[in-house]
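So the sequences go chain by chain: G and C. One point on numbering: in my numbering, the residue at position 31 of the first sequence is 890, and numbering is uninterrupted. One point on numbering: in my numbering, the residue at position 58 of the second sequence is 85, and numbering is uninterrupted. By construction, the Cβ of each residue, glycine as well, lies at the ideal position given by its N, Cα and C atoms.
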Amino acid sequence: MSAFPLTRALDRGTTIFLALLAAIAIVVPLLNLLVPASSPFHLSSYFVALFGKYICYAILALSIDLIWGYCGILSLGHGAFFALGGYAMGMYLMRQIGTRGVYAHPILPDFMVFLNWPELPVYWYGFQHFPYALLMIVLVPGLLAFMFGWFAFRSRVTGVYLSIITQALTYALMQGFFRNNFGFGGNNGLTDFKEILGFNVQAPGTRAALFAVSTLALMIGFLICRSIVASKLGKVLIAIRDAESRTRFLGYRVESYKLFVFTLSACMAGVAGALYVPQVGIINPGEFSPASSIEAVLWVAVGGRGTLTGAVVGAILVNYAKTTFTSGPLAPYWLFMLGGLFVAVTLLLPHGIVGTAQQWWASRRKPHERRPVANGAAAANPHPSEPAPRAAE
Amino acid sequence: MNELTAGSMLYLDGISVSFDGFKALNNLSLTVAPGEMRAIIGPNGAGKTTMMDVVTGKTRPDDGEVFFNGTQDLTALDETQIAELGIGRKFQKPTVFEMHTVEDNILLALKSDRHARATLFWRPNNEDDRRIESILQIVRLSPLRERIAGSLSHGQKQWLEIGMLLAQEPKLLLVDEPVAGMTDAETRQTAELLKEINRDRTVIVVEHDMTFVRDLGVKVTCLHEGTVIAEGTIDQVSANQRVIEVYLGR
């Protein structure tokens, strides 16, 4: 019975997509580790680390699509939850350094020794234990999202006002984390990681494993999102997105639904951040910057909001483009391209890449749906049968 | 609460609402009996929609009492709680879930457990299917079951919304201008539909269309400047000097 939302989530498209991700999770590490560097099939560790990072971005994009694409909550501060998950993982990794730090202090991370802190702050306690860190990775973003959502959704803050306060949230956190006395390494953040679970974070094997784990996390996240959107709860979310007061007058407690998906989404973003940090080797307050949260929303828009697969595709494509263009002669123009992309998608592909493809596919497969229905009342249909795309709100 | 409220489906007494000094409702009192259908008319700005807002919990009155079913004080509840008690509302502008199919629109409205967990684990079943079909038959939308609601005509959306109200199985329906923008044929069908619904539910209809109100053949209340100026049969009300002056006149 309780497995039911899962089985319904597995339609053909989802199964194919998950199978594809599973294949990537297995094949990429194998091509990296087992195929000799001389072979054309070899994938470099650089490639693995790069795409591992993209996969983490894809999880973040997925979490945004769940709330924005299906429930109309445009969070422009989701980077905050991503960064908090990242910091929780970073704290674990810092505690693993032990005496190998520059100051060789057995307990205190280097930056605390440098700041002459006599002892570890209480909120750093427990982070040497991996299970505790895992718990915090989900709990801290989840709790913050829950408290934030509790106040925002109960006071019926919606639309741009909600977007603005999410920006304020991530900006405030950035300012806080920049401060040395906050206890998270200030400006420099947390870095110089040595080991994760006893494995060298720099080793190709560890990188390949992190890639596989990230892809697995993406698969799980995708399955969770699919289970939700394919259930009746998913229909309620869309109802809230399209006609919030109608949903409320039907007797649904809109704020509970929003709070549920918003919190879940923040937990997913936290996991994404936690997987990201060991792969890039650093977490600093820059991850909280309002601009990076906006960029993440852009990935979803490019891929197609409200499609889930689009979020994944968008995150990987845009970031691949970013890597390509910012490392070449076109580097100075990347921001113009990003802006241009945003304008182009809004004007030409309002449903994003995947959304547009799905529509094209549906119109080819079921042309009969365009025909007016043979019914007296329906024949006099003054409105074209195209559901208007809703403007971002 | 007093003995006056007993035996009424909806009891409004001395309701006042003001927005920035403008009195949208001014000492409005109104009683609707169980099983009754009541038509409410009045010029623009008379406070008809504000009255519905007060009953459904969207607006809190500055003053006055609202009782539902004799005993329930509505002024202390919010929209969701009021909907759960059994008051359904149709908006002036047809408001359906445009991206959902006709079937899903009704499904979402069906009286059921509204908690997130219940909706997550809900599974399709014959009982719900049968209820959806019977409602679609009442509102004459069965053939369009699979259609996306956004592709329906204006009149069909109005009916779909009425169907959604029925699916909630409310005791009291508030219907705001159901025939605005409808053809004559659709208007007549809608009057039939409301009469059918009124057989087991109390209905309050706000409407401008006097032919439609006449078709309904029910007790009429005329509002003006937030207060009741006349009440009675359509003939009595349309003969009232005040009503002619402020509403029917020109």
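When the Cα atoms are used, what is the spatial distance from residue i to residue j?
i: residue 1126 (chain G); j: residue 1001 (chain G); result: 5 Å
i: residue 193 (chain C); j: residue 74 (chain C); result: 25 Å
i: residue 1040 (chain G); j: residue 1168 (chain G); result: 41 Å
i: residue 1022 (chain G); j: residue 1050 (chain G); result: 31 Å
i: residue 238 (chain C); j: residue 41 (chain C); result: 30 Å
i: residue 101 (chain C); j: residue 178 (chain C); result: 36 Å
i: residue 1108 (chain G); j: residue 1177 (chain G); result: 40 Å
i: residue 878 (chain G); j: residue 1149 (chain G); result: 35 Å
i: residue 1006 (chain G); j: residue 148 (chain C); result: 26 Å
i: residue 266 (chain C); j: residue 124 (chain C); result: 41 Å
i: residue 888 (chain G); j: residue 925 (chain G); result: 29 Å
i: residue 1198 (chain G); j: residue 1147 (chain G); result: 20 Å
i: residue 210 (chain C); j: residue 871 (chain G); result: 44 Å
i: residue 1055 (chain G); j: residue 952 (chain G); result: 6 Å
i: residue 1250 (chain G); j: residue 983 (chain G); result: A caution first: residue 1250 (chain G) carries a pLDDT of 40, below 50, which makes its placement in the model unreliable, though a value can still be read off. One C-alpha to the other measures close to 44 Å.
i: residue 10 (chain C); j: residue 115 (chain C); result: The displayed coordinates of chain C run from 28 to 277. Any statement about residue 10 (chain C) would go beyond what the structure contains.
i: residue 1115 (chain G); j: residue 1099 (chain G); result: 11 Å
i: residue 1042 (chain G); j: residue 923 (chain G); result: 29 Å
i: residue 921 (chain G); j: residue 141 (chain C); result: 26 Å
Indicate whether at least one CB of chain G lies closer than 9 Å to the CB of residue i.
i: residue 36 (chain C); result: no
i: residue 146 (chain C); result: yes
i: residue 143 (chain C); result: yes
i: residue 78 (chain C); result: no
i: residue 209 (chain C); result: no
i: residue 156 (chain C); result: no
Using beta carbons (cut-off 9 Å, strictly below), is residue i in contact with chain C?
i: residue 1124 (chain G); result: no
i: residue 1213 (chain G); result: no
i: residue 1109 (chain G); result: yes
i: residue 1017 (chain G); result: no
i: residue 1105 (chain G); result: yes
i: residue 1119 (chain G); result: yes
i: residue 1097 (chain G); result: yes
i: residue 969 (chain G); result: no
i: residue 1227 (chain G); result: Note on residue 1227 (chain G): pLDDT 48, under 50, position unreliable in the model; no value is reported.
i: residue 1113 (chain G); result: yes
Short of 6 Å in beta carbon distance, which residues of its chain neighbour residue i, apart from the five on each side in sequence? Order them along the chain.
i: residue 964 (chain G); result: 972
i: residue 104 (chain C); result: 84
i: residue 1166 (chain G); result: 1213, 1214
i: residue 873 (chain G); result: 1085
i: residue 52 (chain C); result: 42, 43, 44, 74, 77, 253
i: residue 113 (chain C); result: 197, 198
i: residue 213 (chain C); result: 182
i: residue 901 (chain G); result: 894
i: residue 1185 (chain G); result: 1193
Which residue wins for smallest C-alpha separation from residue i, given the options the options?
i: residue 1031 (chain G); options: G:943, G:1132, G:919; result: G:943
i: residue 242 (chain C); options: C:224, C:261, C:95, C:253; result: C:261
i: residue 939 (chain G); options: G:1173, G:1186, G:1133; result: G:1133
i: residue 78 (chain C); options: C:259, C:273, C:183, C:252; result: C:252
i: residue 228 (chain C); options: C:81, C:121, C:200; result: C:200
i: residue 34 (chain C); options: C:116, C:142, C:221, C:99; result: C:99
i: residue 66 (chain C); options: C:269, C:121, C:255; result: C:255
i: residue 205 (chain C); options: C:232, C:88, C:37; result: C:232
i: residue 933 (chain G); options: G:1201, G:1186, G:1188, G:1156; result: G:1156
i: residue 1120 (chain G); options: G:1087, G:1135, G:1136; result: G:1087
i: residue 1013 (chain G); options: G:1026, G:1068, G:1077, G:1113; result: G:1113
Name, in chain order, the residues that DSSP records as bridge partners for residue i.
i: residue 117 (chain C); result: C:202
i: residue 65 (chain C); result: C:231, C:246
i: residue 259 (chain C); result: C:247
i: residue 95 (chain C); result: C:37, C:99
i: residue 49 (chain C); result: C:46
i: residue 111 (chain C); result: DSSP output for residue 111 (chain C) lists no bridge partner at all.
i: residue 1054 (chain G); result: G:1059
i: residue 1049 (chain G); result: G:1142
i: residue 57 (chain C); result: C:39
i: residue 175 (chain C); result: C:128
i: residue 969 (chain G); result: Answer is none; residue 969 (chain G) lacks a bridge partner.
i: residue 254 (chain C); result: C:251
i: residue 90 (chain C); result: C:43
Got a sec? Which residues, its chain only, sit under 8 Å from residue i by beta carbon, not counting five neighbours each side?
i: residue 1227 (chain G); result: Confidence at residue 1227 (chain G) is low in this model, with a pLDDT of 48, below 50, so its placement is unreliable and the value that follows should be read with caution. Result list for residue 1227 (chain G): empty, nothing under 8 Å.
i: residue 1059 (chain G); result: 1053, 1065
i: residue 235 (chain C); result: 68, 204, 207
Give every residue of the same chain whose Cβ lies closer than 7 Å to the Cβ of residue i, excluding the five residues on either side of it in the sequence, and list them in chain order.
i: residue 1011 (chain G); result: 1021, 1024
i: residue 1208 (chain G); result: 1215
i: residue 1067 (chain G); result: 888, 891, 892, 907
Taking 8 Å as the cut-off, is the C-beta of residue i nearer than that to any heavy atom in the ligand COA?
i: residue 994 (chain G); result: This structure lacks the ligand COA, and indeed carries no ligand of any kind.
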